[in-house]
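Protein chains in written order, with full-length UniProt numbering: chain A, 1 to 512; chain B, 1 to 361; chain C, 1 to 333; chain D, 1 to 329. Take a look at the structure set out below.
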Amino acid sequence: MSPSVDTAQAPVLEVSGLTVEFPGVRALDGVDLDIRAGEVHALVGENGAGKSTLLKVLGGVYTPSAGTVRLRGEVYAPRRPSDAHAHGIAVIYQEFTLFPDLTVAENVYAGREPHSRWSRGIRYGQMRAGCRELFGILGVNIDPDARVADLSVSEQQLVEIAKALGADGQVIVMDEPTAALSKEEVERLLDVVRRLRDEGRSVVYVSHRLEEVFAVADRATILRDGRLVRTLAIAATDEDKLVRLMVGRDIDSVFHREAVAEGRVVLRLDSVSAGRHLRDVSLDVRAGEVVGIGGVAGAGQAELTQAVFGALPLRAGHMELDGQRFAPSTPADALAAGVGFLHEDRKHAGILPDLSVRQNLTVTVLDRLRHGFARLLSRQAEERTYTEYGSRLRVRATGPEQLISELSGGNQQKVLLARALAPGGRVLVLNEPTRGVDIGAKAEIHALINELTAAGAAVIMVSSDLPELLGTSDRVVVLSRGRVVGVLEGQDRTEENVVVCATTGRRIGVAA
Amino acid sequence: MTSDTALPPAPGAQAPAPTTETQRRWARQHSIGTLWETWGITAVLVVLLAASPLLSSDFLTVANLQSVLRESAYLGIVAAAMTLAVMNGTFDLSVGGQLALVSVTTLMGYAAGGTGLAALVAVLTGMVCGAVNGALVTAMRVPPFVATLGMLFVFRGVAYVLTQDGPKTLPYSEIGSPFVKIGGLNIAGIPLPFLIMLACYGAVWVLLRRTATGRRIVAFGSSPEAARFCGISVHRIRMLIFVVIGVSVGIAALTYISRVWTADGSAQDGFELRVIAAVVLGGTSLKGGKGTLIGTFSAVLLVGVLNDLLVSRGVDASYQRVVLGCVLITALAIDGLRTRFAAPGSFARMLPRRRREAPAP
Amino acid sequence: MTTAAPERAVRAADPRARLSRAIENAPLAVPLVLIAVVLTVATDRFLSVDNLTNVVVAAGIVAIPGLAMTLCIAMGEFDLSVGSTVSLTGAVTCTWIVGGHPAGLAMVVGLLVGAAVGLLNGLVVTKLGVTPFIATLATLVIVRGVSLAYTGGRDAIVSSSTLKFLAAGRVFGVPMPVVLTAVTALAAWWVVNRTRFGRWVCAIGSNREAARMSGLPVDRIRTTVYVIVGVAGGIWGLLISSQLQKGSGQLGLGFELDAITIVVIGGTSLLGGRASVVGTLLGAVLIETIRNGLNLLNTPPAYQRISIGLLLVVALTIQALRRNAPAEALDDV
Amino acid sequence: MRTTLSTLALAGVLALGLSACSDSTTAEGGKPSGKASGDVTVGFSVYDMQYEFFQKMEKGTREAVEAKGWKFKLHDEKSDENEMVTGAQALLDQGVDVLIISPFKPDALGPIVAKAKQKKIPVIIDDIGGGGTPYDAIVISDNADGGKQAADYMAQQVAANGAKSKKVVSITCEPSAVYAARRNQAFDQQIKDKGFQVVTELSGNSKAEEAYKIMKDALAKDPDVAGVFACNDPMGVAAANAIKDAGKDPVKGIVTVGFNADPEAITAIGKGGLSATIAQDPAGMGAKTVELAAQAINGGKLTYDDESNREVFQKVTLVTKDNVAQFAG
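Next up, the structure:
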C-alpha cells in the first residue's frame, strides 16, 4: 500500500492487455480495465462474454496467458486464491464456494477464523458476534450456528456475500450476487454496495440485471466475446445503448419467431407439484407451439422441466401426453415417449466429456440403433443418426469421432440439442438453449426451433435471457416461487410484464 | 469461449489441414496422444519382452511363456470385468473374497458331481456373490466402496466356515479328470486358461463397444449427472456390472482352482488390490469414463512378465514388492501429472501450458 | 453424526436437539448394549475387571490410528498404508534398541519413520496428483517391502522396560494405552471441533474446490493429515511392538482395514465433511467387544470376520437409508 | 509421453531392483541339454524366505547341494499357493534333475507332482507334506511327537509349580495349516490323558498380534489357567508376553510352550520368559532331503522311516532352560 497515491483519481486496479486462453478458446482477448477507489464498476456482457473469466483472474483462480494486472501500481499476479485474499481482494463467485457440512459462522470465517494463540481454539463467540453484525448490515436474520446445507438458496447466497464482506477487502468483486435473492434482499444488498463505495472501497459488480447496474454503478465496462467493447460512465448512457453495445446489434433483429399454426394439445400439466418449489402448475403445450418459461432464477423452472422429463417425481397432480395419462418415473420413460430434454448445465449435466460426438448424440436412442440377432449396436445406424442430425444442426466437428469436450461451447450445445431431438422431437424441453453460445450459433439454434415447431413439435423453453424468451416463444409462462403468476400472450408479451410478474408476483393473464 | 470453430484435433491438423473427412478421422485417430493412450502400456510390454533375453536367459522358452500366460489368466479375467466397473466410476473390493469362496464351492461341487457340476457351481456362486453386491449398492443404496469392502469380509468368512475342517482339495486320484485339463491343457501350444481369458476379453469388448448397455456404462462413468438426463438408470447398469464381475470371478476361479487344487478362506489374499492395480496401470481412469480393455490386457501381462523376470533373476520377494509398487505409483504419477498440467486429448497441448479449468458457462 | 462443539454449545439447552443427537449415536450404542447384555448372560466373566480392561485396552490401541483416520476420512480420503507403517515403525524401533540405542531415542526414530511414510503419501497425493486410494495402496506394498527388506526376515527381539511401559505400564492404576488413547481422543476432539485445522479438514471434505477458492492451504492441510496418520500408525506400531517385545516385517498385516472399519462404523461419512470422534471411539469399543465376546465363547475366527463384515454393511446401510436423498445415491466413494 | 516416461521409470526401478539383489543367493542354473554326468541341478521351492525357519532350511539344503558339487536353483513361494504351483512347475520346466519342495499348501502339490512324474523328475517334500500325492519321499518333523512332548513337559511343570488347576489353553495356527494342526491335536490328546482340560482352543492365524489378544481374553475368562501351548513360537512368545502383561509369570505361574525354537523363543527361555519350545531342525531337514535326492537320482532305493507313507522323520527336541544353551546363536 502506498498512501501517497491519490485515492480519488488513481486507479486501484489496472488491467491491461489481459488474455486468457483455454484449449481452443480465447475467453479473454486483450482486455484493458481500470477500477478506481470508491467506485462501483459494473461489468456487463452477454453470457460467455468473459466476465466470469476476468473475475477468476482477479481471484487467482486462472492464470492469464498474457497481460498484466496492477494493484495500487504494483504488479499483481496471484497464483492461487489465497494470494487474492492476502492482497485484499474478495470475490463472490457465481458458483457457491460454501461448505455444506459446516456452520454459517464457520463458512463466513473460513480461512481466517479468530483463534486463541495459546490453545489454537477457535473463538466461536467472536465469530458468532461478527456474523450477527454482518447479517445486521445485510438486514437478514440467519442463525450463525445453522448448518449451511440446511439453508435456503437465498440464505446461502447471503452467507456468500457476508463471507466476502467479512474479509474486509479493499476491492470486492461480486459475480451475479442477486441471482437468488428476493426483491427486498436485493434492495438491501444494493444499499450495502453503496455504503462500501462511500467507505472508499471499490466494488466490481457483475449482473445481468441492468436496473441494478443503473441503480448502483458509477461506470460500466462492456465485454463481448472476450473483447472489451467500451467503458463508459453510467450517467452518460441508458439501458438501450448498453444493450446494443452488449449484443452488438439491435435486439429486434436477433430473434425472429415465425408465426406457426397452433395444433392440438400435446402435453398437458394439471395441478402439478414437484420438488421443493413447484406448486400447483397447470399448463397446455400445443403442437407447433413454443411455450417460454420465465421468472427469476430458482423460481421453479428446473423443477417444472425435470418433472415433465421424469427426473423429478410429482408430489401432486398429473400429466397427459396426446390425451393419454403420462407418468414417467424415470427420464428413460420420457425418452421412450418421445420427450427430448436439454439441461441448463451443459458442463456438468449435459456433455459426456470422454465420449465422442457420435456417442454423445446417440446415447438417448441406443435402443433404436440395435440390429441383428444379438441386438448389437449398428455402427451404420449411428453414423446415419450423426449425419442426419449433425448436418441439420450444422455441428462443426472434425467428424463423428471427435471428443465432444474438444468442441466449442456452441457446437457442444448443438450436439446436445441433436441429442434432445433424436428421440423423436414431438415434445422438446429446452433449458437455456443458448446459454454460453455465441451470437451466430444462437441464431442458428433459434432458426432450428422455428423449423421444429413448423414440423409440429411442442416446445417448452426456459430462458433467463429476456429478449430470447420473448422473441422465440409464442406464449410466456412466468413462475414465481414455484407458482404460475403470469401467462403472457399477444400484446401482453413484453419485457415489463415478465419482470413485473417475476419480481413482484403480480398476476397477469392468470386467475388469482 | 464463444469461438465457434472446431478445435484442431491433433498436432498434425495444425499443419495443412486434412481436407477430406477420412483424412481428418485418420489424423484424429492416429494422433500421437491418442495412440499412446490406447497402446502405451502395450508398447511398454513389447519393450520389456524385447529386453527380456538380456534379463533372463530362461525367459523366452516355450514352457516359460506358457507358464506366464497360464498364470496370468485368472487375474486377467477378473481385471477385464473390473475394467467395466472402473470405467463406470466404481469398483469391487470383494473379488478376493469371491475368488476364495467360489474356489471352495467349486471344489465342493466337483466332489459332489464332477467337472460339469463344478463349472456350474463356480459360475452360479460368482453370480450370486455379484448379485448380493449389486443389491446392496442398488436396492440398499450403500456406497460401492463400503458395500464391497464389507462383503470382502463376509465372503471370506463364509469360505472359512465352509473349510472349518481343513481346506477343500482336489484329490491326487483326479489327476486325469477333465477338470484338471481346464488349467493344464495346451491347445496348439497355447494354454487353455489364456484362451479362456482371450474369450472373456472378446466378450467384454463386445459388451463395452457394441451394446447399448456398454455405452451406457461408459456414459455414466464419464458424467453421472449428464447420464441421468440421458435416461440411463444407474441401478440397472450397476447391478449388471457387479453380476458380470461375479461371473468373471466364477470363470477365473475355474482356471485358478484347476491348477492349484486347494482352497480355503485365505486363498489369494489381496487379490482385489492386484486386480484394481492392473486396471489402473492399464490406463483406465479411476474417475470413470476413460479406459481401454487392451490397456488392462497388456497391464496384466506386463505384471505377469515383470514378476516372472524378477523371480527368475532371484530378486528377493521384499524387493519385488517395492519394484511393483514403484511401477504402479510411477504410472499413476505420470497420469496424474498429465491431467494436472495438460488438457486431455491432444499430445500437442500437453506440453507448453498449465491446465486451466474450462470456463463456466 | 458430528459432535460439532458450537452446535452443542448453543443448542444443548434445546431438549429436542439433545434427543436427536442421542438418537444419532444410537446405531452404535444399541448393538453395543445388546451385545454387552448377551455376553453378560452367556459368559460369567464378561463383566470382570480383567476382561473389561482387555476390551478397553484393545479398543484404545486401535482407536489411536482410528482417530487419525477419522481426520483423513472427514477430508474425503483414505490411507491404506497404515498397516505397513505399523510394521516398519516397530521394525526400526526394535532394531535400534537391539543396536544399543536408548529406547526413547529409538521410539522417536520409529515415529519419525511413520511421519516420513505419511509425508510420502501426502506428497504423492498432492504434488503428483495420484488418487489417494491407489497412492496409499502402492505405499502399502512398498513400505511392506521395505520393512521386510530392512529386517531381512529376522525378528528384532527386544526386552526394553521403556518400550514395555507403553503397552503394559500403568499410570495411577490406569493402563498406559488407555491413558494414551484418552489424551489422543481429547486432542482429536479439540482439533476436530475447536481448531482452525480441524475445521479446514472438514471444509476440504465438504467441498474441496470451495476450500481452494476460500484461500485455504489445501495441499498443506492434506499433507499434514497424511503425516498425522503416519505418526498415529507409528504409535500403533510402537504399541504392538511393546506388547510383543519385537519388531517384525510380518506385523500389522491387514490393519488398515481395521482402522477404516472403526471409523466407518463410528459414523464418519465416507463422503467427507464431518468427523465423529466419539463415534470412532464407540466403533472401536464395539468391534473389540465383539471380538472379545467371540473369544470368550470359543468361536472360530471365521465368525469374527463375518460378523465384522456384516456389521460394516449394516452400519452403512443404515447411514445410506437415513441419507435417503435420491441424488446422493449417485455419489460414489 | 506417459508411456515413454513409464518405460524409463520401469527400466529405472527394474535396474534398482536387480542391482539391489545382485548378492542374491541364487545360482544361475545350467541348461538341461548337454548335461554331463554329475552335472546335477537341484530345484528347491521354499515356503517363504521371509521366515527365519525357512531361511535355515534353505541354507541347509543349499550347503548340502553345493557340498556335492551340484547346482542349486531356488524358488520362493512367498506364502502364495498360486506362486507355489506356478514357480515349482517353472523349475520343472527349467530342467532341474530333482525337485525339493517345502509347500505352502501341501494340498496344491497334486499338479506339481503330476508334472514331475510326467518328466520323470523325483520330488522330495520338505517339512509339510501330504495331499495324497505320490511324491518320492517326505522329510517331516515329528509334529505329533512334538505336541506330545509339549503336553508331557507341561503336565510335569504344572505339578512342579504346585498349581491345582487343570485348565490349559491351546492356540492353533490358521485352520488351513493341516500339518501344524497335528501339533495341537497330539497335545490336546496327551494333555487330556494326563487329566487336564482344554478350556480355550482358538486360532491365532499364526500371527503374534492375534495370539496376544487371545491369551489376554483367555486369561480374563479363566484366570486360573495352568498352561498354554501355541502352535508356533511367534504366538507362544506373544502369549507369554500377554501373561506377563496380565501380571503373571509365563514359567512359574502358567507353563507356556511354543513350537519351532525360533530365536525369539530361545532368547525368552534363556531369560525365563517362556517355559519351553519344541525344536525342529530345518537345516538338518534340508540336508536330509538332499541325501534322499542323491539316492533318487542314482536310482537307488530310498530309505524311509515310515515305508507306507514314504516318510522320513526328523527328530524334534524339547528345549527348556536346561538345554537352551545348545540352541542359542
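Virtual Cβ for every residue (Gly too), placed ideally from N, Cα, C.
Worksheet item: Below 7 Å between beta carbons: does that hold for Q245 of chain C and S159 of chain C?
Response: On the third sequence, position 245 is the one that residue 245 of chain C refers to. On the third sequence, position 159 is the one that residue 159 of chain C refers to. Against a cut-off of 7 Å, the Cβ pair of S159 of chain C and Q245 of chain C comes out as a contact.
Practice prompt. Using a threshold of 7 Å, state whether the C-beta atoms of V198 of chain D and V168 of chain D are closer than that.
Written response: Here residue 198 of chain D refers to the residue found at position 198 of the fourth sequence. Here residue 168 of chain D refers to the residue found at position 168 of the fourth sequence. It is a contact, given that the beta carbons lie within the stated cut-off.
Item to complete: Let me know if T85 of chain C comes out buried or exposed under the rule of 16 or more other beta-carbons within 10 Å of its beta-carbon.
Response: For this step, residue 85 of chain C is matched to residue 85 along the third sequence. By the neighbour-count rule (16 or more Cβ atoms within 10 Å), T85 of chain C is buried.
Practice prompt. Have a look at E311 of chain D and D305 of chain D and give me their C-alpha separation to the nearest angstrom.
Written response: As a position in the fourth sequence, residue 311 of chain D is number 311, starting the count at 1. As a position in the fourth sequence, residue 305 of chain D is number 305, starting the count at 1. Taking the straight line joining both Cα atoms gives about 6 Å.
Worksheet item: Taking the alpha helix (DSSP H) that H75 of chain D falls in, what are its first and last residues?
Response: Working through the fourth sequence from its first residue, we reach residue 75 of chain D at position 75. Taken as a continuous stretch (DSSP letters only), H75 of chain D belongs to no alpha helix (DSSP H), being part of the beta strand (DSSP E) at K71 to D76.
Worksheet item: Enumerated in chain order, which unbroken segments of the alpha helix (DSSP H) with a length of 4 residues or greater are wholly contained in the stretch 158-237 of chain D?
Response: 178-193 and 208-221
Fill in: Against chain F: residues of the stretch 33-44 of chain C by CB proximity under 8 Å
Looking for chain F here will not work: the only protein chains present are A, B, C and D.
Discussion item. Please report the distance separating the alpha-carbon of T106 of chain B from that of F155 of chain B.
Written reply: As a position in the second sequence, residue 106 of chain B is number 106, starting the count at 1. As a position in the second sequence, residue 155 of chain B is number 155, starting the count at 1. Rounded to the nearest angstrom, the two C-alpha atoms are 14 Å apart.
Practice prompt. To the nearest angstrom, report how far apart T221 of chain A and Y205 of chain A are at their CA atoms.
Written response: Residue mapping note: residue 221 of chain A aligns to position 221 of the first sequence, counting from 1. Residue mapping note: residue 205 of chain A aligns to position 205 of the first sequence, counting from 1. T221 of chain A and Y205 of chain A: Cα-Cα distance of roughly 10 Å.
Worksheet item: Since V235 of chain C is in the alpha helix (DSSP H), which residue starts that stretch and which ends it?
Response: One-based indexing of the third sequence puts residue 235 of chain C at position 235. Reading off the sequence shown, one finds Ile at residue 235 of chain C, where the question assumed Val. That run of the alpha helix (DSSP H) goes V218 to L244.
Item to complete: Give the DSSP-derived three-state secondary structure of Y201 of chain B in the structure shown.
Response: On the second sequence, position 201 is the one that residue 201 of chain B refers to. Reduced to three states, the DSSP call for Y201 of chain B is helix.
Worksheet item: Cα-Cα, which of B:L301, B:A100 and B:L281 is closest to C326 of chain B?
Response: Counting from one through the second sequence, the residue named residue 326 of chain B turns up at place 326. Nearest of B:L301, B:A100 and B:L281 to C326 of chain B, Cα basis: B:L281.
Worksheet item: For V308 of chain A, which of A:T330, A:V499 and A:L470 has the nearest alpha-carbon?
Response: Counted from its first residue, the first sequence places residue 308 of chain A at position 308. When each option's Cα is compared against that of V308 of chain A, the closest is A:T330.
Fill in: Interface flag, V259 of chain B vs chain A, CB-CB below 7 Å
The residue labelled residue 259 of chain B in the question sits at position 259 within the second sequence. Contrary to the premise, residue 259 of chain B reads as Arg rather than Val in this sequence. No, R259 of chain B does not count as interfacial toward chain A.
Worksheet item: For a contact meaning CB atoms closer than 7 Å, what does L273 of chain B contact in chain C?
Response: Locating residue 273 of chain B in the second sequence gives position 273, where the first residue counts as 1. Residues of chain C passing the Cβ test: L137.
Fill in: Which listed residue (D:A90, D:A240 and D:G43) has its alpha carbon closest to that of A211 of chain D
Translated into positions along the fourth sequence, residue 211 of chain D becomes position 211. Out of D:A90, D:A240 and D:G43, D:A240 has the C-alpha closest to the C-alpha of A211 of chain D.
Worksheet entry | For S16 of chain A, three-class secondary structure by DSSP | Position 16 of the first sequence holds residue 16 of chain A. Strand.
Worksheet entry | Residue interval of the alpha helix (DSSP H) (run including N295 of chain C) | Taking the first residue of the third sequence as position 1, residue 295 of chain C is located at position 295. Element bounds for N295 of chain C: V277 to L296.
Worksheet item: Opposite K168 of chain B in the DSSP bridges: which residues?
Response: Residue numbering aside, residue 168 of chain B sits at position 168 when the second sequence is read from its first letter. K168 of chain B pairs with B:A263.
Discussion item. Output needed for R259 of chain B: all residues of its chain with C-beta closer than 6 Å, excluding positions within five of it in sequence on either side, in chain order.
Written reply: Here the question's residue 259 of chain B lines up with position 259 in the second sequence. Once the five neighbours on either side are set aside, the close Cβ partners of R259 of chain B are G183.
Item to complete: Note down, in chain order, all residues in the stretch 40-69 of chain A with a beta-carbon under 9 Å from any beta-carbon belonging to chain B.
Response: E46, N47, G48, A49, G50, S52, T53, K56, V61, Y62, T63 and S65
Fill in: First and last residue of the uninterrupted beta strand (DSSP E) at S271 of chain A
Here residue 271 of chain A is taken as the residue at index 271 of the first sequence, counted from 1. First-last of the beta strand (DSSP E) with S271 of chain A: V265 to A274.
Worksheet item: Among all the DSSP beta bridges, which residues are the ones paired with H343 of chain A?
Response: Stepping through the first sequence from its first residue, residue 343 of chain A is reached at position 343. According to DSSP, H343 of chain A bridges with nothing at all.
Worksheet item: Thinking C-alpha only, which one of C:L80, C:T89 and C:A68 is nearest G237 of chain C?
Response: What you label residue 237 of chain C is simply residue 237 of the third sequence in a count that begins at 1. Ranking C:L80, C:T89 and C:A68 by Cα distance to G237 of chain C puts C:T89 first.
Fill in: CB contact below 7 Å: P301 of chain C versus chain D
Stepping through the third sequence from its first residue, residue 301 of chain C is reached at position 301. Yes, contact with chain D.
Practice prompt. Within 10 angstroms of the Cβ of Q324 of chain A, are there 16 or more other Cβ atoms? Answer buried if so, exposed if not.
Written response: Locating residue 324 of chain A in the first sequence gives position 324, counting from the first residue. So Q324 of chain A counts as exposed.
Discussion item. Going by DSSP in three states, G294 of chain A sits in which element: helix, strand or coil?
Written reply: The residue given as residue 294 of chain A occupies position 294 in the first sequence. Residue state, collapsed to three classes: strand.
Item to complete: Please decide whether S67 of chain B counts as near chain D, where near means a Cβ-Cβ distance under 7 Å.
Response: As a first step, residue 67 of chain B is located in the second sequence; it is residue number 67 there, counting from the start. So, interface residue.
Worksheet item: Got a sec, what are the start and stop residues for the beta strand (DSSP E) N141 of chain A sits in?
Response: On the first sequence, residue 141 of chain A is found 141 positions in, with the first residue counted as 1. Note, N141 of chain A: premise wrong, no beta strand (DSSP E); not H, not E.
Worksheet item: Considering only residues of the stretch 65-147 of chain D, which uninterrupted beta strand (DSSP E) runs meet the minimum length of 3 residues and lie entirely inside it, listed in chain order?
Response: 71-76, 98-101, 123-126 and 137-141
Worksheet item: Which residues share a DSSP beta bridge with F326 of chain A?
Response: Here the question's residue 326 of chain A lines up with position 326 in the first sequence. Paired residue(s): A:M319.
Worksheet item: Does DSSP classify S282 of chain A as helix, strand or coil?
Response: Residue mapping note: residue 282 of chain A aligns to position 282 of the first sequence, counting from 1. If DSSP states are grouped into helix, strand and coil, S282 of chain A belongs with the strands.
Fill in: Cβ pair G236 of chain D, R183 of chain D closer than 7 Å
Stepping through the fourth sequence from its first residue, residue 236 of chain D is reached at position 236. Stepping through the fourth sequence from its first residue, residue 183 of chain D is reached at position 183. No. Outside cutoff.
Worksheet item: Would S170 of chain D count as contacting chain C if we go by Cβ distances under 7 Å?
Response: The residue you call residue 170 of chain D lines up with position 170 of the fourth sequence. So no, S170 of chain D is outside the interface.
Worksheet item: With burial defined as no fewer than 16 other Cβ atoms inside 10 Å of the residue's Cβ, what is the status of V311 of chain B: buried or exposed?
Response: Residue 311 of chain B sits at position 311 when you count from the first residue of the second sequence. Counting Cβ neighbours within 10 Å, V311 of chain B comes out buried, since at least 16 surround it.
Item to complete: Anything in the stretch 138-160 of chain C with a Cβ closer than 9 Å to a Cβ of chain D? List those residues in chain order, please.
Response: L148, A149, T151, G152, G153, R154, D155, I157 and S159
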